[in-house]
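Presented below is the structure to which this report refers.
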Amino acid sequence: MKNCIFTVLALLFCTHWAAAQDDLLSLLGEEERTEYVTASFKTNRVINLHSLESTSKGVLDLKISHRFGFLSGGAYELFGLDNAMIRIGFDYGITDQLTVGIGRSSFEKTFDGFAKYKFLRQSTGKRNVPISLALLGTTAIKSQRWQDPNRENYFSSRLYYTVQLIAGRKFSEGLSLQVSPTLVHRNLVATQAEANDVYALGFAGRVKLTKRLAINAEYIYVLPDQLGPDYLNSFSIGFDIETGGHVFQLHFTNSTSMIEKGYIAETVGDWLDGDIHFGFNVSRVFTVAKKK
Amino acid sequence: MKNVFLAVALIAFAATGLQAQKYFTREGSISFFSDAPLEKIEAHNGQATSVIDFESGKMEIAVLIKAFQFEKALMEEHFNENYMESSKYPKALFKGQIADLKGVDLEKEGTYPVKVIGSMTIHGVTNELEVPAELTIDKEGVLTGNTNFELVLADYEIAIPSVVKDNIAKTVKVTANFNFQEFKKGS
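Heads up: the protein sequence lines correspond to chains A and B, in order. Sequential numbering of the first sequence, starting at 0, is according to numbering that gives the first Met the number 0. Sequential numbering of the second sequence, starting at 0, is according to numbering that gives the first Met the number 0.
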């Protein structure tokens, strides 16, 4: 009995001693901390859709985006390259979680503005949160001249609003997925058959191929019986190429417009007919206010 | 039976005695500087942990890579994503020995130059490292450690693509400044 107790104690002591000798740092114990998941997407857009990423605090992100004409235009139109729609925009990070932005699209001469607040951040460690959530609000003002200047036109008819919840998760270094329930409100629609409020569900994902190259894809499902028969769901696929301060996004999409009310509710291109735009977004970030 | 307990008690006491010879910090400050033709990059980390055992002369340092803070958010993202792959290799670790610890008198105010020899693991790659350091004991008996040395990025398989070769130096300067506390049980 005596020997037994002694052996056990000796063993216990030895293990303790050995552990202390092998790994001094283990004396301090592991401090539990919260680690926020970063870089789920290369930039704050997937292609047309907003990604769950925010622009960092004090950073200005200049975005220049093009959508060329339809590939189905053939050699005469140089497969769409003879035409281009452009949007120039500026996004700015007010805090690491609040981003605001403005833009101007040549398509229908539209001005747009947005605010995006990432109110839940995916994290591991002390605070374990499986997903990120962000809320996006956008407004668009169509400034194109009235089609019929003789009738009574209201300024409010130029306005469009979008509210969107973005829920996403970085599953691994290589895979991020998100889903975006969306409501687009149009003050004026073309016909009575079309809904002023359009409900849609966006799906988007990224597969990272190398450190600086990723494939993105997005699909926006518009719930049935809301749009006219000519409108189709938006589908886009493309690459993100990162080079230091720039992110180049090169993609194919059937949407002409680059803002929510357009690519969600006014997409007319049919992938099967070759109504596909080649396009790119170039993002260049400038650190305006330095972190301290 | 009595003897056994006595022996255990003695050994336990001896062990406590040993632990009094240990010093630690959880708030060690580590910075690095990259001085390249096009860009100067600087990052700070105030959360390095370290333990020195004065009995054996062993010392260890652990640094969480994600805790490095940069002036620009994008630098921090690229540092973690593209260069250090911090999700895969979350920590840098140093395990080594202070070579000439015998000359250091913890009771006496003064500055003692020492040599630290050991193995440094960064980005999953381990290299032998020998650097000069300085241990200082101030009037109140507080122990601080300082060092600065250079690391060659290629030694740790941190690849710099040619497009940014003028933005990131091949060798970075590292400075560390640790204020140690005596380690007591429960610290």
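Positions of the beta carbon are idealized from the N, C-alpha and C atoms, including for glycine. The model shown is predicted, which means the values in this text are computed figures rather than measured ones.
Return the Cβ separation of A/Ala199 and A/Gln177 in integer angstroms, given the expectation that the two are a contact with Cβ distance under 8 Å.
With 8 Å as the limit, A/Ala199 and A/Gln177 do not qualify as a contact, their Cβ atoms being about 14 Å apart.
Are the C-beta atoms of B/Thr125 and some chain A residue less than 9 Å apart?
no
Indicate whether the contact test is met: 3 or more Cβ pairs, each with one atom in the region 167-177 of chain A and one in the region 139-157 of chain A, closer than 8 Å.
The region 167-177 of chain A vs the region 139-157 of chain A: no contact.
Nearest-angstrom Cα distance between A/Gly68 and A/Ser156?
28 Å
Within 9 Å (strictly less), CB to CB, does B/Asp154 reach chain A?
no
Confirm, please, whether the CB-CB distance from A/Ala213 to A/Lys40 is below 9 Å.
The identity of residue 40 of chain A in the sequence shown is Phe, whereas the question assumes Lys. The beta carbons of A/Phe40 and A/Ala213 sit closer together than 9 Å.
Reference B/Ser85; option with closest CA among B/Ile159, B/Glu26, B/Val141, B/Gly123
B/Gly123
6 Å CB neighbourhood of A/Thr42 in its chain, flanking five on each side removed:
Val246, Ser282
Between A/Glu31 and chain B, is the shortest Cβ-Cβ distance under 9 Å, so that the two count as touching?
no
Does the distance from the C-beta atom of A/Thr286 to that of A/Val58 stay below 9 Å?
yes
Under 9 Å between C-beta atoms of B/Leu37 and A/Gly244
No, they are not a contact pair.
Can you pull out the residues from the region 122-154 of chain A whose beta carbon lies closer than 8 Å to at least one beta carbon of chain B?
none
With a cut-off of 9 Å, does the C-beta of B/Asp52 fall near any C-beta of chain A?
Cβ-Cβ to chain A under 9 Å: yes for B/Asp52.
Quick one, which residues of the region 34-47 of chain A are near chain B if we go by CB-CB under 8 Å, in chain order?
Glu34, Thr37, Ala38
Nonlocal neighbours in the same chain, by C-beta distance under 6 Å from B/Met119, ignoring five residues either side
Phe93, Asn126, Leu128
Limits of the alpha helix (DSSP H) - the one that A/Gly261 falls within
259-264
Out of curiosity, what's the CA-to-CA distance linking B/Asn44 and A/Ile140?
46 Å
When burial is assigned at 16 or more other CB atoms within 10 Å of the CB, is A/Arg205 buried or exposed?
Sixteen is the threshold: when 16 or more other Cβ atoms of the shown chains lie within 10 Å of the Cβ of A/Arg205, as they do, the residue is buried.
Output the boundary residues of the beta strand (DSSP E) element that contains B/Ala132.
124-136
Please name the residue, chosen from A/Ile46, A/Leu27, A/Phe89, that lies closest to A/Asn215 on a Cα-to-Cα basis.
A/Ile46
How about B/Asn44: is its C-beta nearer than 9 Å to some C-beta of chain A?
No, B/Asn44 does not count as interfacial toward chain A.
Extent of the continuous beta strand (DSSP E) run through A/Glu34:
Its beta strand (DSSP E) spans residues 33-35.
Contacts of A/Val284 in chain B (Cβ-Cβ under 9 Å):
Correct list: Lys71, Ala72, Leu73.
Going by DSSP, what residues sit across from A/Ala199 in a beta bridge?
Looking at the DSSP assignment, A/Ala199 forms a beta bridge with A/Thr181, A/Val221.
Nearest-angstrom Cα distance between B/Lys138 and B/Thr24?
Within the model, the alpha-carbon separation for B/Lys138 versus B/Thr24 is close to 19 Å.
State the Cα-Cα distance for the pair A/Ser25 and B/Ala61, rounded to the nearest angstrom.
11 Å
Pair every Cβ in the region 261-269 of chain A with every Cβ in the region 83-95 of chain A, then say whether three or more of these pairs are closer than 8 Å.
no
Can you give the Cα-Cα distance for B/Pro89 and B/Thr170, rounded to whole angstroms?
Roughly 21 Å separates the two Cα atoms.
Any beta carbon from chain B within less than 9 Å of A/Asp95's own beta carbon?
yes
Is it buried or exposed for B/Phe177, if we count other Cβ within 10 angstroms and need 16 for buried?
buried
Quick one: Cα of B/Glu54 to Cα of B/Lys101, how far?
Spanning the two alpha carbons is a distance of roughly 10 Å.
Along chain A, in chain order, which residues have C-beta atoms closer than 7 Å to that of B/Val130?
Going along chain A, no residue has its Cβ under 7 Å from B/Val130, so there is no contact; the nearest lies around 18 Å.
Would the beta-carbon of A/Gln143 be found less than 8 Å away from any heavy atom of the ligand HEM?
With respect to small molecules bound, the structure shown includes none, and the ligand HEM cannot be examined in it.
Does the separation of the CB atoms of A/His334 and A/Gly79 fall below 9 Å?
No answer is possible for residue 334 of chain A: the residues shown for chain A start at 0 and end at 291.
CA nearest to the CA of A/Asn152, picked from A/Asn186, A/Thr138, A/Pro180, A/Gln121:
A/Asn186
Please return the same chain residues whose Cβ sits closer than 7 Å to the Cβ of B/Lys164, not counting the five positions on each side in sequence.
Closer than 7 Å at the Cβ level, and outside the excluded window around B/Lys164, lies no residue.
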